[in-house]
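Colleague: Chains as they are written, first to last, in our numbering: chain B, 10 to 157; chain D, 10 to 157; chain W, 10 to 157; chain R, 10 to 157. Note that the Cβ used here is the ideal one computed from N, Cα and C, for glycine as well. Before anything else, here's the structure in question.
There are 4 protein chains.
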Amino acid sequence: MDRMLSEERTAFLERDFYQGFIKTCGFKLDLLERGRAKSSLEVTKAHSQQDDFVHAGVMATMADHTAGYAAFSVVPEDSRILTLEFKINFLRPAVGDRLICSAKVVKEGKNILVADSEVYSQSDGAEKLAAKALVTLMAVPATALRSK
Amino acid sequence: MDRMLSEERTAFLERDFYQGFIKTCGFKLDLLERGRAKSSLEVTKAHSQQDDFVHAGVMATMADHTAGYAAFSVVPEDSRILTLEFKINFLRPAVGDRLICSAKVVKEGKNILVADSEVYSQSDGAEKLAAKALVTLMAVPATALRSK
Amino acid sequence: MDRMLSEERTAFLERDFYQGFIKTCGFKLDLLERGRAKSSLEVTKAHSQQDDFVHAGVMATMADHTAGYAAFSVVPEDSRILTLEFKINFLRPAVGDRLICSAKVVKEGKNILVADSEVYSQSDGAEKLAAKALVTLMAVPATALRSK
Amino acid sequence: MDRMLSEERTAFLERDFYQGFIKTCGFKLDLLERGRAKSSLEVTKAHSQQDDFVHAGVMATMADHTAGYAAFSVVPEDSRILTLEFKINFLRPAVGDRLICSAKVVKEGKNILVADSEVYSQSDGAEKLAAKALVTLMAVPATALRSK
């Protein structure tokens with residue numbers, strides 16, 4: 010039971026997900042469980058790079074943010090999450106109508122969490138692994154951030 | 010002399026820089042020399058994350074894209090640049106009105122190039138190193154991309 | 010059938026695995042299949058760092074080398090493998106008698122391959138994920154290396 | 010003055026540097042200042058990989074360990090340093106008689122430190138940048154490690 014997110018916590022994190030740059034990009038949160046999150050994006054011209062593939066920065070943002078909310082789902086309610094660093098490999102140029110991201114926490118430390126995050130591109134029903142990331146995150150008391 | 014970019018090449022790369030996601034984000038190319046590029050961003054709410062810092066994805070996109078054009082400046086004119094992977098460390102929460110990014114090519118291989126990219130946040134005239142990235146890029150013949 | 014390694018190729022790669030620094034470290038190749046490799050290490054004082062954990066460099070070497078032979082198993086026989094870069098997260102201080110590494114190729118490009126590599130520490134029968142890496146490798150014609 | 014390391018602290022860190030895997034590899038600490046460290050290695054067959062270049066794991070270990078002692082030089086004396094993660098790019102196959110590594114702390118947080126680390130290969134007097142790393146480290150109270 011304590012492995013489950015409360016309805017209140019889930020509702021809070023779902024609202025918290027959508028702010029600023031995430032709204033600018035248009036990512037959607039599709040699933041949130043303890044230690045896991047999934048998101049998606051309807052790809053448009055607004056996400057492209059100079060050769061009409063999805064920009065690496067779109068996939069990096071998606072991998073990071075989805076990993077962030079996977080991490081949020083396991084920390085105390087008065088904690089916030091900051092990304093310390095991430096690394097992402099782009100495995101093939103991403104084309105198609107839709108991106109899907111799946112992130113899971115692979116190490117749950119008290120302060121430091123590590124997640125991996127995969128981005129798939131969907132095109133004509135087929136799904137291909139487009140990018141793979143490893144993300145290091147830090148849990149920080151909300152009070153510590155407010156004082157900055 | 011052969012270390013310099015022609016006016017035509019510079020003009021082409023300056024136009025090429027601004028497309029899709031880069032326009033969505035609002036990055037500006039401020040300098041382009043052989044092996045170096047600088048960019049900037051006027052920060053707004055559209056770039057923020059859930060705690061009102063600049064989103065990690067904004068800095069990651071900026072570090073990647075600026076590194077990409079530093080790489081573009083050293084490859085043959087019929088080559089395009091794809092990012093193979095990057096890693097970025099976020100050194101402090103980025104606040105302030107403006108981001109500046111400076112990228113330089115540290116290894117110029119025939120096919121594989123490596124660049125480092127630094128993102129600074131400006132606030133009240135002070136400038137702080139906010140993020141540091143290492144980016145691996147691949148030069149690809151333009152014809153190879155068109156066939157995809 | 011073409012997904013299988015020939016006996017000759019397997020024997021060649023098994024011999025090729027053990028050279029120089031790998032013998033210095035004492036890694037053992039335990040499995041080699043197309044796109045996958047596993048290795049192990051009996052941990053001694055010779056592998057420790059200043060706090061008696063296994064040195065990060067031991068795990069990094071193991072993750073890299075095992076990923077390298079996973080990549081070797083999928084490229085043409087006249088190709089050699091070079092590591093372009095890797096990133097590794099250390100998830101907990103590694104203690105115990107034995108390390109196990111499992112690597113698999115996640116993207117098989119003609120020139121560029123990406124593998125992930127996990128290092129587990131064994132202690133009193135229990136196995137824990139100690140490190141997780143993403144490795145970018147390049148297939149290079151053997152003739153290109155000989156001329157260097 | 011408070012930017013300087015005491016003689017006692019320097020002597021302690023110099024001794025602390027040489028243990029286990031570092032003695033196995035043969036790295037030498039050449040310089041230690043507040044926030045900076047340099048090391049070197051006389052390259053032998055014991056450091057090679059399958060194509061007679063220096064093994065990526067040797068350079069990774071050197072980059073990590075040297076960054077670690079750059080970090081040690083800035084934390085309180087009752088703190089120990091653990092590597093959370095690193096990323097390293099190998100810029101050219103390393104040949105030659107000697108490696109030199111130079112690491113500096115680029116962000117000095119209370120708990121989290123980031124360093125960059127460069128490895129140069131020396132051959133016939135010439136020095137070439139062979140690898141470049143970004144390393145994330147954590148300062149941990151010595152008492153916390155002893156209880157593990």
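If you measure from the beta carbon of Thr-145 of chain W to each beta carbon in chain B, is any gap under 8 Å?
Modeller: So, interface residue.
Colleague: Using the C-alpha atoms, what's the distance from Pro-102 of chain W back to Phe-62 of chain W?
Modeller: So the two alpha carbons sit approximately 6 Å from each other.
Colleague: Could you tell me the alpha carbon to alpha carbon distance between Lys-137 of chain D and Asp-106 of chain D, rounded to whole angstroms?
Modeller: Answer to the nearest angstrom: the Cα atoms are 12 Å apart.
Colleague: Output yes if chain W places a C-beta closer than 8 Å to the C-beta of Lys-157 of chain D; else output no.
Modeller: Since pLDDT at Lys-157 of chain D reaches only 49, below the 50 mark, its modelled position is unreliable, and the value read off the structure follows with that caveat. For Lys-157 of chain D, the answer is no, since every Cβ of chain W falls outside 8 Å of its Cβ.
Colleague: Could you tell me the alpha carbon to alpha carbon distance between Leu-40 of chain B and Thr-19 of chain D, rounded to whole angstroms?
Modeller: Straight-line Cα distance between these residues: approximately 45 Å.
Colleague: Return no unless some Cβ of chain R is closer than 8 Å to the Cβ of Ala-65 of chain W.
Modeller: Answer yes: the Cβ-Cβ gap between Ala-65 of chain W and chain R drops below 8 Å somewhere.
Colleague: Quick check on DSSP: helix, strand or coil for Met-10 of chain B?
Modeller: The predicted position of Met-10 of chain B is uncertain, since its pLDDT is 36 and thus under 50; a value taken from the coordinates is nonetheless stated next. Three-state result, Met-10 of chain B: coil.
Colleague: So Val-104 of chain R contacts chain D; which residues on that side make the cut at Cβ distance below 7 Å?
Modeller: Within 7 Å Cβ-Cβ: nothing; Val-104 of chain R doesn't reach chain D, min ~16 Å.
Colleague: Compare the Cα-Cα distances from Gly-66 of chain W to each of W:Leu-154, W:Val-128, W:Val-114 and report the closest residue.
Modeller: Considering only alpha carbons, the answer is W:Val-128.
Colleague: Nearest-angstrom Cα distance between Ala-79 of chain B and Leu-154 of chain B?
Modeller: So the two alpha carbons sit approximately 20 Å from each other.
Colleague: Once you ignore the five residues that flank Arg-43 of chain D on each side, which residues in its own chain have a CB closer than 8 Å to its CB?
Modeller: The residues are Arg-12, Met-13, Leu-14, Ser-82, Val-83.
Colleague: Short check: CB of Ala-55 of chain R to CB of Thr-33 of chain W, under 8 Å?
Modeller: For Ala-55 of chain R and Thr-33 of chain W, yes; Cβs fall inside 8 Å.
Colleague: Hey, does Lys-137 of chain D have any beta-carbon neighbour from chain W nearer than 8 Å?
Modeller: Taking Cβ atoms only, chain W never reaches closer than 8 Å to Lys-137 of chain D, which makes this a no.
Colleague: List, in order along the chain, the chain D residues whose C-beta lies closer than 8 Å to that of Leu-93 of chain W?
Modeller: Within chain D, the residues near Leu-93 of chain W are Leu-93, Ile-121, Thr-145.
Colleague: Would a C-beta distance cut-off of 8 Å place Thr-152 of chain R and Ile-121 of chain R closer than the cut-off?
Modeller: Their beta carbons are not under 8 Å apart, which means Thr-152 of chain R does not touch Ile-121 of chain R by this criterion.
Colleague: If distances are taken between C-alpha atoms only, which option among D:Asp-87, D:Leu-50, D:Val-52, D:Arg-45 comes closest to Glu-117 of chain D?
Modeller: Of the listed residues, the one whose Cα sits closest to Glu-117 of chain D is D:Arg-45.
Colleague: Using a Cβ cut-off of 8 Å (strictly closer), state whether Val-128 of chain D contacts chain R.
Modeller: No, Val-128 of chain D lies away from the interface with chain R (no Cβ there is under 8 Å from its Cβ).
Colleague: Let me know the secondary structure DSSP gives Lys-32 of chain B once reduced to three states.
Modeller: Here Lys-32 of chain B sits in helix by DSSP.
Colleague: For chain D, is any of its Cβ atoms less than 8 Å away from the one on Lys-96 of chain B?
Modeller: Interface residue, yes.
Colleague: Which of the residues in the segment 30-46 of chain R, read from start to end, lie with their CB under 9 Å from any CB of chain W?
Modeller: Result list: Phe-30, Ile-31, Lys-32, Thr-33, Cys-34.
Colleague: Using 8 Å for Cβ pairs, my map puts Gly-35 of chain B next to Leu-50 of chain B. What's the rounded Cβ distance?
Modeller: About 6 Å; that satisfies the 8 Å criterion.
Colleague: Using only the heavy atoms of the ligand ADP, determine whether one of them is closer than 7 Å to the beta carbon of Ala-140 of chain W.
Modeller: Ligands in the displayed structure: none, and consequently the ligand ADP is not present.
Colleague: How would you label Arg-89 of chain R, buried or exposed, when you count the other beta carbons within 10 angstroms and need 16 or more for buried?
Modeller: Arg-89 of chain R should be labelled buried.
Colleague: Just grab the DSSP bridge partners of Gln-131 of chain B for me.
Modeller: Answer is B:Arg-107, B:Glu-136, bridged to Gln-131 of chain B.
Colleague: Would you mind telling me which residues of chain B sit closer than 8 Å to Phe-99 of chain D, beta carbon to beta carbon, in chain order?
Modeller: Under the 8 Å cutoff, chain B gives Leu-91, Thr-92, Leu-93, Glu-94.
Colleague: Given that Asp-125 of chain W touches chain R, what residues does it touch there, using C-beta distances under 7 Å?
Modeller: Chain R residues near Asp-125 of chain W: none, gap ~14 Å exceeds 7 Å.
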